[in-house]
Amino acid sequence: MDIYKKYAEQLVETGHAYYEETEQGVAIRQKMPTVGETTFYDVLHGNITIANSELEDQVLLKSDGMPTYNFANVVDDHLMEVSHIIRGTEFITSTPKHVLLYEFFGWELPTFIHLAPVMGKAADGSISKLSKRHGATSFNDLIEAGYLPEAITNYVALLGWSPKNSCQEIFSMDELIKNFSLDGLSKSPAVFDYAKLDWMSGEYFKAMSDENFAQAAEKYFADFDEPRKIFLASLLKTRVAKLSDIPAMIDFLKNLPPFDAELFSNKRNKVTPQKSAEILKPAIKLLETVDDWSLVTLNEKISAFVTESGLKVGTVMWPLRIALSMQKVTPGGVTEILYLLGKKDSLERLNDALRNLQ
RNA sequence: GGCGCCUUCGUCAAGUGGUUAAGACACCGCCCUCUCACGGCGGGGUCAAGGGUUCGAAUCCCUUAGGCGUCACCA
Numbered sequence: 014m015d016i017y018k019k020y021a022e023q024l025v026e027t028g029h030a031y032y033e034e035t036e037q038g039v040a041i042r043q044k045m046p047t048v049g050e051t052t053f054y055d056v057l058h059g060n061i062t063i064a065n066s067e068l069e070d071q072v073l074l075k076s077d078g079m080p081t082y083n084f085a086n087v088v089d090d091h092l093m094e095v096s097h098i099i100r101g102t103e104f105i106t107s108t109p110k111h112v113l114l115y116e117f118f119g120w121e122l123p124t125f126i127h128l129a130p131v132m133g134k135a136a137d138g139s140i141s142k143l144s145k146r147h148g149a150t151s152f153n154d155l156i157e158a159g160y161l162p163e164a165i166t167n168y169v170a171l172l173g174w175s176p177k178n179s180c181q182e183i184f185s186m187d188e189l190i191k192n193f194s195l196d197g198l199s200k201s202p203a204v205f206d207y208a209k210l211d212w213m214s215g216e217y218f219k220a221m222s223d224e225n226f227a228q229a230a231e232k233y234f235a236d237f238d239e240p241r242k243i244f245l246a247s248l249l250k251t252r253v254a255k256l257s258d259i260p261a262m263i264d265f266l267k268n269l270p271p272f273d274a275e276l277f278s279n280k281r282n283k284v285t286p287q288k289s290a291e292i293l294k295p296a297i298k299l300l301e302t303v304d305d306w307s308l309v310t311l312n313e314k315i316s317a318f319v320t321e322s323g324l325k326v327g328t329v330m331w332p333l334r335i336a337l338s339m340q341k342v343t344p345g346g347v348t349e350i351l352y353l354l355g356k357k358d359s360l361e362r363l364n365d366a367l368r369n370l371q
């Protein structure tokens, strides 16, 4: 603390600051020039000029002996030999005060770069500085939601910066460091777009190995054995934007949604509840005879079944998937679900569905 | 209110006097397909407005509008 006091007093001696006595105690204020203007160079914005008459005599050292931010940042940055000051645009208007301080002390000016803030779009369409009310916004919030740190960094880097002579969007941390340059920065505020973050995040998941994805999603795969975890990973990694999407996608494997005959109707595949029952019956018979409950075998058996039936693939698969999952959309097809469920559960679900259909 | 910063598709953005104004996300359509997704192909959509300067303006100048910020013994 003493060092700030020392510098503040030095300014008083040189006539650039003065003591102010109030009920609160004694403070030191910076004496601003009343005429002229102060100009500083910002890498992004060029020269910025503000009339000195706009500047108020700001407090440097508070009556409790603590320095104000506007004073401390100048002293600190000089002492720490900071060469580039990169901060938000909200500091632009106070920068002339800092610049004057540097001049009073005879210190070398650092390079200033004022970046635009990241904005958020509210439900009503209004745009303002990104904050809690826009949803998960801090890095930790996003991690919590199941985005990969690399994906978040990559996305945020592209908010306000873009590579020169390139349209590349996916950057590893190394590439980011290597490609980053000041002249790729943009001056205008950028709106944080969750849809694009989702896309980019998905790209990262798709690029992962099944093993790594399974590991990242570990907490959601607790109910499955090792081979099934890896298999689930292969199915899920191309369909997920964030890890927290997983539970809703695989819940049906543990908890079968209530029976709904309507789901068995599908126009495109020419399936009706009645037709479904006709298909389910022989299919169950066939599956009961399968001992090697593996993906390849299951696939072979079902393909053969389809061929024998003379029906279209979709016509056969539709009722099976509905019976097994009770939902129109599932990660993976019939064979995959059969495998994940195991023989016992699969047959149980199939039989229940058949019974309910009749 | 004074002062300052900002303004290219819905969003992120290339672009720095002559381009059919890139690309990405999103959206729509088609293809692939046992659903969704993935993948492939294609489509609509943008220079805030008005004045100049110029043979020629998204690019330069002025004005207006809008957005944001700042005017603390906060950081």
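The working numbering applies: residue 14 is where the first sequence begins, and numbers increase by one. Think of the CB as a built atom: it goes at the ideal place given N, C-alpha and C, for glycine as much as any other residue.
Would you mind stating whether residue i and residue j have Cβ atoms separated by less than 9 Å?
{"i": "Thr52", "j": "Ser96", "result": "no"}
{"i": "Gln293", "j": "Leu363", "result": "Here residue 293 is Leu; the residue named in the question, Gln, does not match the sequence. Going by C-beta atoms, Leu293 is nearer than 9 Å to Leu363."}
{"i": "Phe277", "j": "Trp331", "result": "yes"}
{"i": "Leu73", "j": "Phe84", "result": "yes"}
{"i": "His111", "j": "Phe205", "result": "no"}
{"i": "Phe234", "j": "Leu245", "result": "yes"}
{"i": "Phe272", "j": "Ala296", "result": "no"}
{"i": "Val347", "j": "Ile315", "result": "yes"}
{"i": "Lys337", "j": "Leu354", "result": "The sequence shown places Leu at residue 337, rather than the Lys named in the question. Against a cut-off of 9 Å, the Cβ pair of Leu354 and Leu337 comes out as a contact."}
{"i": "Lys200", "j": "Leu57", "result": "yes"}
{"i": "Val303", "j": "Lys356", "result": "yes"}
Can you tell me whether residue i is buried or exposed? The criterion is at least 16 other CB atoms within 10 Å of its CB, across all chains shown.
{"i": "Ile16", "result": "exposed"}
{"i": "Thr343", "result": "buried"}
{"i": "Glu349", "result": "buried"}
{"i": "Met14", "result": "exposed"}
{"i": "Gly101", "result": "exposed"}
{"i": "Lys250", "result": "buried"}
{"i": "Pro162", "result": "exposed"}
{"i": "Thr328", "result": "buried"}
{"i": "Phe184", "result": "buried"}
{"i": "Leu367", "result": "buried"}
{"i": "Pro80", "result": "buried"}
{"i": "Leu370", "result": "buried"}
{"i": "Ile190", "result": "exposed"}
{"i": "Tyr374", "result": "As displayed, the chain neither begins before 14 nor continues past 371, which places residue 374 out of reach and without an answer."}
{"i": "Met255", "result": "The sequence shown places Lys at residue 255, not Met. Buried, because 16 or more other Cβ atoms sit within 10 Å of the Cβ of Lys255."}
{"i": "Ser289", "result": "buried"}
{"i": "Ile259", "result": "buried"}
{"i": "Ile8", "result": "What is shown of the chain runs 14 to 371, which leaves residue 8 out entirely."}
What whole-angstrom Cβ distance do residue i and residue j have, given they're in contact under 8 Å?
{"i": "Gly173", "j": "Ala208", "result": "Contact flag wrong, Cβ pair sits at about 18 Å."}
{"i": "Leu171", "j": "Glu182", "result": "7 Å"}
{"i": "Asp70", "j": "Gln43", "result": "6 Å"}
{"i": "Ser144", "j": "Gly159", "result": "Actually they are not in contact, since the Cβ atoms of Ser144 and Gly159 sit about 21 Å apart, beyond 8 Å."}
{"i": "Met221", "j": "Leu113", "result": "The pair is not a contact, with the Cβ atoms about 53 Å apart (cut-off 8 Å)."}
{"i": "Tyr82", "j": "Ala164", "result": "With 8 Å as the limit, Tyr82 and Ala164 do not qualify as a contact, their Cβ atoms being about 34 Å apart."}
{"i": "Lys325", "j": "Asn282", "result": "7 Å"}
{"i": "Ile98", "j": "Asp90", "result": "6 Å"}
{"i": "Ala203", "j": "Val87", "result": "Going by Cβ atoms, the distance from Ala203 to Val87 rounds to 29 Å, so no, they are not a contact pair."}
{"i": "His127", "j": "Ile105", "result": "5 Å"}
{"i": "Phe152", "j": "Thr27", "result": "Phe152 to Thr27, Cβ: 44 Å. No contact."}
Going by beta carbon distance, what residues of the same chain come within less than 7 Å of residue i, once the five residues before and after it are set aside?
{"i": "Val25", "result": "Tyr31, Tyr32, Ile41"}
{"i": "Ala64", "result": "Glu50"}
{"i": "Lys242", "result": "Ala227, Phe234"}
{"i": "Leu432", "result": "This structure cannot speak to residue 432, because the chain is shown only from 14 to 371."}
{"i": "Asn279", "result": "Trp331"}
{"i": "Ser107", "result": "Asn83"}
{"i": "Glu224", "result": "Ile243"}
{"i": "Leu299", "result": "Lys314, Phe318"}
Per DSSP, which one or two residues make a beta bridge with residue i?
{"i": "Glu372", "result": "Absent from the structure is residue 372, since the part of the chain shown begins at 14 and ends at 371."}
{"i": "Tyr54", "result": "Asn60"}
{"i": "Thr124", "result": "His97"}
{"i": "Tyr32", "result": "Ile41"}
{"i": "Ala203", "result": "Val131"}
{"i": "Pro80", "result": "Leu74"}
{"i": "Lys142", "result": "Met132"}
{"i": "Leu198", "result": "Trp174"}
{"i": "Asn279", "result": "Val284"}
For residue i, I'd like the list of residues in its chain whose CB is within less than 6 Å of its CB, leaving aside the five on either flank, ordered along the chain.
{"i": "Tyr168", "result": "Leu210, Met213"}
{"i": "Leu122", "result": "Tyr115"}
{"i": "Asp305", "result": "none"}
{"i": "Met339", "result": "Leu269, Pro270"}
{"i": "Leu351", "result": "Leu311, Ser359"}
{"i": "Lys75", "result": "Ala40"}
{"i": "Arg252", "result": "Pro344"}
{"i": "Ala229", "result": "none"}
For residue i, which residues in the same chain have their Cβ closer than 8 Å to its Cβ, ignoring the five residues on either side in sequence?
{"i": "Thr47", "result": "Asn65, Ser66"}
{"i": "Gly78", "result": "Met14, Lys18"}
{"i": "Gly345", "result": "Leu248, Leu353"}
{"i": "Phe237", "result": "Leu245, Leu353"}
Any heavy atom of the ligand NAD inside 8 Å of the beta-carbon of residue i?
{"i": "Val131", "result": "No copy of the ligand NAD appears in this structure; indeed no ligand is present at all."}
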